[in-house]
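S.K.: Protein chains in written order, with the working numbering: chain A, 268 to 409; chain B, 3 to 252.
In this text, a Cβ means the ideal position worked out from N, Cα and C, and glycines have one as well.
1) Please list, in chain order, the chain E residues whose beta carbon lies closer than 7 Å to that of residue 332 of chain A.
2) Where are the alpha helix (DSSP H) runs, 4 residues long or more, that stay fully inside the stretch 31-67 of chain B, in chain order?
3) Give the single residue among B/204, B/228, B/208 whose Cα lies nearest to the Cα of residue 218 of chain B.
4) Given that residue 194 of chain B touches chain A, what residues does it touch there, using C-beta distances under 7 Å?
5) Going along chain A, which residues have a C-beta under 7 Å from residue 103 of chain B?
6) Where do the N-terminal and C-terminal ends of the beta strand (DSSP E) with residue 173 of chain B fall, by residue?
7) Nearest CA to the CA of residue 380 of chain A: which residue from A/337, A/331, A/366, A/326?
8) So, helix, strand or coil for residue 83 of chain B, using DSSP?
9) Measuring only between beta-carbons, confirm whether residue 143 of chain B sits less than 8 Å from chain A.
10) Short of 6 Å in beta carbon distance, which residues of its chain neighbour residue 389 of chain A, apart from the five on each side in sequence? Order them along the chain.
11) How is residue 391 of chain A classed by DSSP in three states: helix, strand or coil?
12) In chain B, which residues lie with their C-beta within 7 Å of the C-beta of residue 348 of chain A?
13) If contact means a Cβ-Cβ distance below 9 Å, which residues of the stretch 77-100 of chain B contact chain A?
14) Output the distance between the C-alpha atoms of residue 420 of chain A and residue 207 of chain B, rounded to the nearest integer angstrom.
15) Closer than 8 Å, Cβ to any Cβ of chain B: which residues of the stretch 303-329 of chain A, in chain order?
16) Would the beta-carbon of residue 65 of chain B fall within 8 Å of that of residue 93 of chain B?
17) Find the nearest neighbour of residue 53 of chain B within the set B/113, B/226, B/152, B/29, judged by alpha-carbon distance.
18) Taking DSSP as the reference, what is the three-state secondary structure of residue 168 of chain B?
19) Determine the chain B residues that contact residue 364 of chain A at a beta-carbon separation under 8 Å, and present them in chain order.
20) Might you give, ordered along the chain, the residues of its own chain that have their beta carbon closer than 7 Å to the beta carbon of residue 158 of chain B, omitting 5 neighbours on each side?
21) Starting from residue 194 of chain B, trace the beta strand (DSSP E) both ways and give me its first and last residue.
22) Please check if any C-beta of chain A sits within less than 8 Å of the C-beta of residue 184 of chain B.
23) For residue 327 of chain A, report the span of its beta strand (DSSP E) as first-last.
24) Could you tell me whether the Cβ atoms of residue 48 of chain B and residue 228 of chain B are closer together than 8 Å?
25) Rounded to the nearest angstrom, what separates residue 41 of chain B and residue 307 of chain A at their Cα positions?
26) Measure how close the beta-carbons of residue 353 of chain A and residue 163 of chain B come, nearest whole angstrom, since I'm counting them as under 8 Å.
27) Do residue 107 of chain B and residue 346 of chain A come within 8 Å of each other at the CB atom, strictly closer than that value?
28) Residue 151 of chain B touches chain A at which residues, Cβ-Cβ below 7 Å?
29) By the DSSP assignment, the beta strand (DSSP E) with residue 336 of chain A in it spans what residues?
30) Would you list, in sequence order, the uninterrupted alpha helix (DSSP H) runs of no fewer than 4 residues that lie entirely inside the stretch 81-141 of chain B?
31) Is the beta carbon of residue 200 of chain B less than 8 Å from the beta carbon of residue 215 of chain B?
32) When the Cα atoms are used, what is the spatial distance from residue 103 of chain B to residue 134 of chain B?
33) With a 10 Å radius around its C-beta and 16 neighbouring C-beta atoms as the bar for buried, classify residue 373 of chain A as buried or exposed.
34) Mind checking residue 69 of chain B: buried by the 16 CB within 10 Å criterion, or exposed?
35) Mind checking residue 355 of chain A: buried by the 16 CB within 10 Å criterion, or exposed?
36) Rounded to a whole number of angstroms, what is the C-alpha to C-alpha distance between residue 335 of chain A and residue 387 of chain A?
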């Protein structure tokens, strides 16, 4: 159904967001933003904001394994997996998993946008530190 | 990993040149069944099949050591293959999470297949939706990492077996639907009316849009030997060219 399509739609982020990114050219061009908003709702604007504020960090270790962290607007850091749709934020658990209201949370959308736009911070950590980051991503403590 | 399961289930159609999907891992696959089915035997058969491919080892995760090695389909229990299957027994969800999160720390050849038996036992400890999604996502992420280590032309497949409740409640249904979103390919094992001295299953493979749907009859003899035959095609059923090796859709 639409959910299966939704995962692939979001996974093929270049196909969905590529047009938006090229039309956006910096801060101008509302065309791409409107398309994003149509598909992703109000998360789109918040996600673009996160990208603009350099809130996404790609963390990698010598093993080559990677994970993303996003500094949310509230100041909390959320962890997003690089290989599939998972975010530790409450909105992911509620709107995406439980209610199926949304395809993505704003953090995941920000991650995909930053991949397409090739703009995010990079951080190298040790293999052990990456393990710890993955272990604590399960749920953000209140 | 639908391809591996397909090859396990139809060895005759695996004869002949395996062009495209030989080394490709294929999408992660969820093996779904009720209690008392042959999911462990099928997983083990997939392990043996992959172990014989000359690629990396197979990592088989299960809560408890197998009491006896499933018999499999004929000649496959050769010791060289068995040596390539590494069993690990995470006894709790916490241990499983730790194993997956630290998978990148281990050196040595990356597995070409990651198998998990009994996901339901780990989920039972922590039945929240986010926990289930996290476990599924981490399994995918771990297999993805192994795939990157194996490099192009290879990859690490993922098959996870989940026993579902006969009479689940809506919470179970929601949890299952969340898990299904992470696994594009699924194979359902349903009990079939048993013949004399036999335990039989209908295996229905849905490869997630990457190949035709297919069905097999999996039978277990009293001595444990597993035999697989194509499920008789229904009249007008288009998905029945399993036997052809002339490069049909795979």
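M.R.: On the basis of the data shown:
1) Protein chains in the displayed structure are A and B, and chain E is not among them.
2) 41-53
3) B/204
4) Here the premise fails: no neighbours, minimum Cβ distance about 28 Å.
5) 398, 401, 402
6) Residue 173 of chain B -> not in any beta strand (DSSP E); alpha helix (DSSP H) instead, spanning 172-184.
7) A/337
8) helix
9) yes
10) 325
11) strand
12) 139, 143
13) 99, 100
14) Residue 420 of chain A is absent from the model: chain A starts at 268 and stops at 409.
15) 328
16) yes
17) B/113
18) coil
19) 131, 132, 135, 180
20) 27, 112, 113, 114, 115, 116, 145, 148, 149, 152
21) 187-194
22) yes
23) 323-327
24) no
25) 39 Å
26) At roughly 21 Å, the Cβ-Cβ gap does not stay under 8 Å, so residue 353 of chain A and residue 163 of chain B are not in contact.
27) no
28) 331
29) 333-338
30) 81-85, 95-103, 121-127
31) no
32) 15 Å
33) buried
34) exposed
35) buried
36) 10 Å
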